[in-house]
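A.B. asks: Starting off with a structure, shown below.
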């Protein structure tokens, strides 16, 4: 079974631009979560989507948004990029039965975003 | 905030057992203990989880104290490929709140 895939793997943008990152979960996994990892703040939860609906949200500004499609693929968007948005963005998927997530999440390799 | 406390770093000789401690003194009765690890430049990898009984799988063993206030992850025969940051997490499993709160983790160095 293929793992979680994220595209692109690397991205360079300039301040003020916007960016869209993509995540394809493991087949059959309907929950997708996004995390931001920086050297200073570590791994931080952004949001989680299930059945095309945002189910949980972390403490990030509204510039960070996401969506999920009917095939469970997810995208996250960051508008008006700031230097501090430079980070590794990780996507994780998990299996859901009757609305309840399974015990473990499976992470993708991440997208490394550099804002200059 | 993370509900766990881990040492920032540890060393272990290759071939020996690596014992990684974790304190979670405020753990609730319905919270599980999870361990993930992150090898450099990769996404975190699930290792094991448990509620109150000791658990073992092909990767590791998890020992949880009787009062559940601490636990130890054991890698029985550490190899150089086990060099990574190990995260101990407490989380209510099987509910709608699927976010994981990561702490700083323990950076494990396997020494040849």
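Protein chains in written order, with my numbering: chain Y, 1 to 116; chain P, 117 to 228.
Note that the Cβ used here is the ideal one computed from N, Cα and C, for glycine as well.
1. Shortest alpha-carbon distance to residue 140 of chain P belongs to which of P:177, P:221, P:191, P:227?
2. If you draw a straight line from the alpha carbon of residue 193 of chain P to that of residue 61 of chain Y, how long is it in whole angstroms?
3. Look at the alpha carbon of residue 136 of chain P and the alpha carbon of residue 120 of chain P, and state the distance between them as a whole number of angstroms.
4. Who are residue 200 of chain P's beta bridge partners in DSSP?
5. State yes or no: is the beta carbon of residue 162 of chain P nearer than 7 Å to at least one beta carbon in chain Y?
6. Excluding five sequence neighbours on each side, which residues of the same chain lie with their C-beta closer than 6 Å to the C-beta of residue 159 of chain Y?
7. Tell me the DSSP bridge mates of residue 56 of chain Y?
8. Can you find a CB in chain Y that lies within less than 7 Å of the CB of residue 145 of chain P?
9. Taking only beta carbons into account, state which residues of the segment 53-69 of chain Y come closer than 9 Å to chain P, listed in chain order.
10. Under 7 Å between the Cβ atoms of residue 108 of chain Y and residue 6 of chain Y?
11. What residues from chain P crowd round residue 89 of chain Y, counting only those whose CB sits closer than 8 Å?
12. Which residues of chain P have a Cβ atom closer than 7 Å to the Cβ of residue 108 of chain Y, listed in chain order?
13. Is residue 81 of chain Y helix, strand or coil by DSSP?
14. With a CB to CB cut of under 7 Å and the five nearest residues on each side skipped, what residues in its chain are close to residue 40 of chain Y?
15. Should residue 152 of chain P and residue 207 of chain P be called a contact, given that it needs their Cβ atoms to be closer than 7 Å?
16. What residue range does the beta strand (DSSP E) around residue 173 of chain P cover?
17. Out of P:224, P:197, P:195, which one is the CA nearest neighbour of residue 204 of chain P?
18. Does the count of Cβ pairs from the segment 57-72 of chain Y and the segment 159-178 of chain P closer than 8 Å reach three?
19. Can you tell which of Y:12, Y:29, Y:4 has its C-alpha closest to the C-alpha of residue 161 of chain P?
20. Select from P:227, P:164, P:156, P:226 the residue whose C-alpha is nearest the C-alpha of residue 187 of chain P.
C.D. replies: Straight from the coordinates:
1. P:221
2. 44 Å
3. 13 Å
4. P:224
5. yes
6. Summary: the structure shown does not reach residue 159 of chain Y, with chain Y confined to residues 1 through 116, and so no result is reported for it.
7. DSSP links residue 56 of chain Y through a beta bridge to Y:48.
8. At a cut-off of 7 Å, the C-beta of residue 145 of chain P has no neighbouring C-beta in chain Y.
9. 55, 56, 57, 58
10. yes
11. Those within 8 Å of residue 89 of chain Y in chain P number zero; the least Cβ separation is about 10 Å.
12. 159
13. coil
14. Excluding residues within five positions, none has a Cβ falling inside 7 Å.
15. no
16. Note, residue 173 of chain P: premise wrong, no beta strand (DSSP E); not H, not E.
17. Among P:224, P:197, P:195, the Cα nearest to that of residue 204 of chain P is on P:224.
18. No contact exists between the segment 57-72 of chain Y and the segment 159-178 of chain P.
19. Y:4
20. P:164
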